[in-house]
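Undergrad:
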Amino acid sequence: MATLEHSETPGEVAGDGVRRRDFINIAAVSFAGVGAATVLLPLINQMNPSADVLALASIEVDLAAIKEGQAIKTIFRKQPLFVRHLTAAEIAAADKVDAASLRDPQTLEQRTLAGKKQWLITMGVCTHLGCVPLGAGEGEVKGEFGGYFCPCHGSHYDTAARIRKGPAPKNLEVPVYKFASDTVVQVG
Amino acid sequence: MSFPWANHYAPKHPLMRWLDEKLPLPRLVYNAVGAGYPVPRNLNYFWNFGVLSGAALGIQLITGIILAMHYAANGLVAFDSVEHIMRDVNSGWMLRYAHANGASFFFIVVYLHIFRGLYYGSYKAPREMVWLLGLVIFLLMMATAFMGYVLPWGQMSFWGAKVITGLFGAIPVVGGPIQTWLLGGFAPDNAALNRFFSLHYLLPFVIAAVIILHIWALHIPGSNNPTGVDVKGPQDTVPFHPYYTAKDGFGLGVFLLLYCGMLFFAPNYMGHPDNYIAANPLSTPAHIVPEWYFWPFYAILRAFTFDIWFIPAKLLGVIAMFASILLLFFLPWLDKSPVRSGNYRPAFKKFFVLLVIDVLILGYCGGAPAEEPYVMISQLAAAYYFAHFLIILPIVSKLEKPLPLPNSITEAVLAKSGQA
């Protein structure tokens, strides 16, 4: 090591061609780089959903009032939720289709809870670009397959809310839910 | 750089001489947009649109800063605060209409500016950087306009925000988290509105900064001209001031007449009635369309209704839409013809007209509902758009036999006046 008496000049080249200043340079700039990157993290992360947005509690939906063939629209995490009481004919129509032939292969069983096949609960958000499909409200167009129809870019969903025609890539999303009692379902 | 015969800044007043020594800002202005900048003598009225774009940005900045004094970027009151501007704020209706129509007029003059550059080969060497910076400005303008349209928090604002951020959701694997990150939630809400307002206020100043770079890059080779022939000597140029300040001033007058005509007599013509309904996350408008200046790109987005191999239609549309703009960044290297001006390129001229028609068709389809025959027409038109730049231009620039070029700008000007 250099001492005060034999100090190397800062620009002096050692035997291996590396100057002491090169090391200081690299070390200082690397540390500054790591520091800058660390500061960047919160600057980017602040844009993610805040705690109050994430904390939106789960909701309970009372099914007693929904008659067979009816559907309701409610709000779950600031997005529309469709709860539909399927008729026997609609269940039969959904079961008749060979799931393997679909764009997003799923059977009605996979999209409903065991023993509660008549309750189809899905997000009301088209998987194409996020519009609200029609078909849940009274008198709305249900599309060519009797389920939902998205007016924005013409996606047709069937009675199991599976994508059948149009640009959407996936079936309507089924949120996590469970039956709190026979007539009350807890979503989220 | 400037031409050696450019006028030299020589302040006479002692105060100006003093200022020139301490801070030569008047000198900078004189050399940039004053008598110190020599410009080809033969520019036609298509060369007005750069200055007009700058004027449109100025209008947007002034009206926008004022509107921000009365607007509240909160999902609960944003819609009401816009109505407050329209009904209660003194002259608020005029300022808001001026801002909304100002955006449309900004795009009108910028599109004319872009097509001027396309026709007269202004993107070619040595002006590639001018073209590239111009495209950056165009992208920034699109982002600014989109975010500005969200601020009134009407139905079109809300669903526009949902659909456009949904485009990012099409990206495989990371798309969903990116969309959530952009919105700060699972659907457009207060967080999204606030950040859009913040960025909508910021980006115009970024645009102004890039415009300075755009002009700086332009002034190194100097302006192109309708013949596309390089400036050869002092006889080919006139000083920017007073010659083109006067010509641009006249153009500005015409522009303002048209703008005010729209602003005072048909302020809602280019808007959507749905945006006067407050945002409702539970009800999608029957027909979501963006503002007219996005229609050609929206048509390309919707043209993909089928999967190709493993790539889903949704992603293809998004890729194609972004590609249609990114493609333009490669234009200086796709068109290899050394002749700049379309006036001397008979084949290019015809294809240029076809491209303009094609973009107009795309625009029409982008504003139409997503049903036949518009889907098929936009598919064909989108295919032609890409073919124009990727196939036709490179081939034409190889095979075409250009007309003889004039020896100089002056020769072209004198020949024209001789015939008249």
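Protein sequence lines correspond, in order, to chains A and B. Going letter by letter, the first sequence gives residues 1 to 188 in UniProt numbering. Going letter by letter, the second sequence gives residues 1 to 420 in UniProt numbering. Ideal Cβ positions, reconstructed from N, Cα and C, are used throughout, including at glycine.
Does chain B have any CB closer than 9 angstroms to the CB of arginine 77 of chain A?
TA: To locate residue 77 of chain A, count along the first sequence from 1; it is residue 77. Residue-level contact check: arginine 77 of chain A touches chain B, since one or more beta carbons of chain B fall below 9 angstroms from its beta carbon.
Undergrad: For lysine 162 of chain B, collect the residues of the same chain with a Cβ closer than 7 angstroms to its Cβ; drop the 5 residues on either side in sequence, then sort them by chain order.
TA: Within the second sequence, residue 162 of chain B is the residue found at index 162, counting from 1. For lysine 162 of chain B, where only same-chain residues beyond five positions count, the Cβ hits under 7 angstroms are Ala187 and Pro188.
Undergrad: Residues of the UniProt domain "Rieske" (84-186) of chain A in Cβ contact with chain B at a cutoff of 7 angstroms, in chain order, please.
TA: Taking 7 angstroms as the Cβ-Cβ cut-off against chain B, the residues of the UniProt domain "Rieske" (84-186) of chain A that qualify are His128, Leu129, Gly130, Cys131, Val132, Pro151, Cys152, His153, Gly154, Pro167 and Pro169.
Undergrad: Using the Cα positions of residue 421 of chain B and asparagine 48 of chain A, report the straight-line distance between them to the nearest angstrom.
TA: No statement about residue 421 of chain B is possible, as the shown extent of chain B runs from 1 to 420 and does not include it.
Undergrad: For the alpha helix (DSSP H) that glutamate 90 of chain A lies in, which residues bound it at each end?
TA: Position 90 of the first sequence, counted from the start, is the residue given in the question as residue 90 of chain A. Under the DSSP assignment, glutamate 90 of chain A falls in the alpha helix (DSSP H) whose first and last residues are 88-96.
Undergrad: For histidine 219 of chain B, which of helix, strand or coil comes out of DSSP?
TA: Walking along the second sequence from the start, residue 219 of chain B turns up at place 219. In this structure, histidine 219 of chain B counts as helix in the three-state DSSP scheme.
Undergrad: When the Cα atoms are used, what is the spatial distance from leucine 355 of chain B to phenylalanine 49 of chain B?
TA: Residue mapping note: residue 355 of chain B aligns to position 355 of the second sequence, counting from 1. Residue mapping note: residue 49 of chain B aligns to position 49 of the second sequence, counting from 1. Their backbone Cα atoms lie some 20 angstroms apart in a straight line.
Undergrad: For leucine 67 of chain B, name the three-state secondary structure that DSSP assigns.
TA: What you label residue 67 of chain B is simply residue 67 of the second sequence in a count that begins at 1. Helix, per DSSP.
Undergrad: At what residues does the alpha helix (DSSP H) containing leucine 120 of chain A begin and finish?
TA: For this step, residue 120 of chain A is matched to residue 120 along the first sequence. Leucine 120 of chain A -> not in any alpha helix (DSSP H); beta strand (DSSP E) instead, spanning 119-123.
Undergrad: Using a beta-carbon distance below 9 angstroms, is proline 80 of chain A in contact with chain B?
TA: Taking the first sequence and counting its residues from 1, the one referred to as residue 80 of chain A is at position 80. It does: the Cβ of proline 80 of chain A has a partner Cβ on chain B nearer than 9 angstroms.
Undergrad: For arginine 116 of chain B, tell me which candidate among B:Ser341, B:Gly363 and B:Met16 has the shortest Cα-Cα distance.
TA: One-based indexing of the second sequence puts residue 116 of chain B at position 116. Taking arginine 116 of chain B as reference, the option from B:Ser341, B:Gly363 and B:Met16 with the minimal CA-CA separation is B:Ser341.
Undergrad: What beta strand (DSSP E) runs, 3 residues minimum, are completely inside the segment 222-260 of chain B?
TA: 237-239
Undergrad: Could you work out which residue in B:Val359, B:Val174 and B:Val396 is closest to leucine 380 of chain B when comparing CA atoms only?
TA: As a position in the second sequence, residue 380 of chain B is number 380, starting the count at 1. Cα-wise, what sits closest to leucine 380 of chain B is B:Val359.
Undergrad: Can you tell me the Cβ-Cβ gap for tyrosine 293 of chain B and phenylalanine 107 of chain B, rounded? I've got them flagged as a contact below 8 angstroms.
TA: For this step, residue 293 of chain B is matched to residue 293 along the second sequence. For this step, residue 107 of chain B is matched to residue 107 along the second sequence. That pair is a contact at about 4 angstroms.
Undergrad: Find the residues of chain A that neighbour glutamate 371 of chain B, judging by a C-beta separation of less than 8 angstroms, and give them in chain order.
TA: The residue given as residue 371 of chain B occupies position 371 in the second sequence. Under the 8 angstroms cutoff, chain A gives Gly154.
Undergrad: Please confirm if alanine 187 of chain B has its CB atom under 9 angstroms from at least one CB of chain A.
TA: The count along the second sequence starts at 1 and reaches residue 187 of chain B at position 187. For alanine 187 of chain B, the closest Cβ of chain A is nearer than 9 angstroms.
Undergrad: Can you give the Cα-Cα distance for arginine 345 of chain B and valine 339 of chain B, rounded to whole angstroms?
TA: Here residue 345 of chain B refers to the residue found at position 345 when the second sequence is read from its first residue. Here residue 339 of chain B refers to the residue found at position 339 when the second sequence is read from its first residue. For arginine 345 of chain B and valine 339 of chain B, the distance between alpha carbons rounds to 7 angstroms.
Undergrad: Going along chain A in order, which residues have a C-beta closer than 9 angstroms to the C-beta of proline 281 of chain B?
TA: By 1-based counting over the second sequence, the position of residue 281 of chain B is 281. Against chain A, the beta carbon of proline 281 of chain B has neighbours under 9 angstroms at Ile75, Lys78, Gln79, Pro80 and Val132, listed in chain order.
Undergrad: Just confirm the distance between the C-beta atoms of glycine 75 of chain B and leucine 193 of chain B, as a whole number of angstroms; I'd bet it's less than 8 angstroms.
TA: Position 75 of the second sequence, counted from the start, is the residue given in the question as residue 75 of chain B. Position 193 of the second sequence, counted from the start, is the residue given in the question as residue 193 of chain B. Their Cβ separation, rounded to whole angstroms, is 5 angstroms, which keeps glycine 75 of chain B and leucine 193 of chain B in contact under 8 angstroms.
Undergrad: Are aspartate 56 of chain A and isoleucine 121 of chain A touching if we call contact CB-CB under 9 angstroms?
TA: Your numbering for residue 56 of chain A matches position 56 in the first sequence. Your numbering for residue 121 of chain A matches position 121 in the first sequence. The sequence given here places leucine at residue 56 of chain A; aspartate does not occur at that position. No, the pair does not count as a contact, with Cβ atoms beyond the cut-off.
Undergrad: Between A:Asn45, A:Gly137, A:Leu129 and A:His85, which has its C-alpha nearest threonine 183 of chain A's C-alpha?
TA: Taking the first sequence and counting its residues from 1, one reaches residue 183 of chain A at position 183. Of the candidates A:Asn45, A:Gly137, A:Leu129 and A:His85, the one whose C-alpha sits nearest the C-alpha of threonine 183 of chain A is A:His85.
Undergrad: May I ask you to check if the CB of valine 89 of chain B is nearer than 8 angstroms to at least one heavy atom of the ligand MG?
TA: The ligand MG is absent from the structure shown, which contains no ligands of any kind.
Undergrad: When we look at the beta-carbon of serine 198 of chain B and count the other beta-carbons within 10 Å, is it buried (16 or more) or exposed?
TA: Translated into the one-based positions of the second sequence, residue 198 of chain B becomes position 198. Exposed, by the Cβ-count rule.
Undergrad: In whole angstroms, what separates the C-alpha of histidine 214 of chain B from that of proline 281 of chain B?
TA: For the purposes of this step, residue 214 of chain B is taken as the residue at position 214 of the second sequence. For the purposes of this step, residue 281 of chain B is taken as the residue at position 281 of the second sequence. If you take the alpha carbons of histidine 214 of chain B and proline 281 of chain B, they lie about 41 angstroms apart.
Undergrad: Tell me which residues of the segment 47-64 of chain A have at least one Cβ-Cβ distance to chain B shorter than 7 angstroms, keeping chain order.
TA: Along the segment 47-64 of chain A, going in chain order, the ones with a CB nearer than 7 angstroms to a CB of chain B are Met47, Asn48, Pro49, Ser50 and Val53.
Undergrad: Could you give the DSSP three-state label for phenylalanine 145 of chain A: helix, strand or coil?
TA: Walking along the first sequence from the start, residue 145 of chain A turns up at place 145. In the three-state reduction of the DSSP assignment, phenylalanine 145 of chain A falls in the coil class, being assigned neither a helical nor a strand state.
Undergrad: Taking aspartate 104 of chain A as part of the beta strand (DSSP E), name the residues at either end of that continuous run.
TA: As a first step, residue 104 of chain A must be located in the first sequence, where it is residue number 104. No beta strand (DSSP E) holds aspartate 104 of chain A; DSSP gives it neither H nor E.
Undergrad: So valine 82 of chain B is in the alpha helix (DSSP H); what residue range does that whole segment cover?
TA: Against the second sequence, residue 82 of chain B aligns to sequence position 82. Taken as a continuous stretch (DSSP letters only), the alpha helix (DSSP H) holding valine 82 of chain B covers 78-87.
Undergrad: Is the beta carbon of valine 174 of chain A sitting closer than 9 angstroms to the one on valine 61 of chain A?
TA: The count along the first sequence starts at 1 and reaches residue 174 of chain A at position 174. The count along the first sequence starts at 1 and reaches residue 61 of chain A at position 61. Taking 9 angstroms as the Cβ cut-off, valine 174 of chain A and valine 61 of chain A do not qualify as a contacting pair.
Undergrad: So for glutamine 186 of chain A, helix, strand or coil by DSSP?
TA: Residue 186 of chain A sits at position 186 when you count from the first residue of the first sequence. Note: glutamine 186 of chain A maps to strand in three-state DSSP.
Undergrad: Name, in chain order, the residues that DSSP records as bridge partners for serine 155 of chain A.
TA: Here the question's residue 155 of chain A lines up with position 155 in the first sequence. Answer is A:Cys150, bridged to serine 155 of chain A.
Undergrad: Okay, do the segment 395-407 of chain B and the segment 368-387 of chain B touch, 3+ Cβ pairs below 8 angstroms being the bar?
TA: no
Undergrad: For a contact meaning CB atoms closer than 7 angstroms, what does alanine 406 of chain B contact in chain A?
TA: By one-based count along the second sequence, residue 406 of chain B stands at place 406. The question names alanine, but residue 406 of chain B is proline in the sequence shown. Chain A residues near proline 406 of chain B: none, gap ~52 angstroms exceeds 7 angstroms.
Undergrad: Does any residue of chain A have a CB that is nearer than 9 angstroms to the CB of valine 163 of chain B?
TA: Start at 1 with the first residue of the second sequence, and residue 163 of chain B comes out as number 163. By this cut-off, valine 163 of chain B is an interface position.
Undergrad: What three-state label does DSSP hand alanine 2 of chain A in the structure shown?
TA: Walking along the first sequence from the start, residue 2 of chain A turns up at place 2. No answer about alanine 2 of chain A holds up, because its pLDDT of 47 lies below 50 and its placement is not dependable.
Undergrad: Using a Cβ-Cβ cutoff of less than 7 angstroms, which residues in the same chain neighbour lysine 401 of chain B once the five nearest sequence positions on both sides are dropped?
TA: By 1-based counting over the second sequence, the position of residue 401 of chain B is 401. If we look at lysine 401 of chain B and ignore the five residues flanking it on each side, it has no Cβ neighbours.
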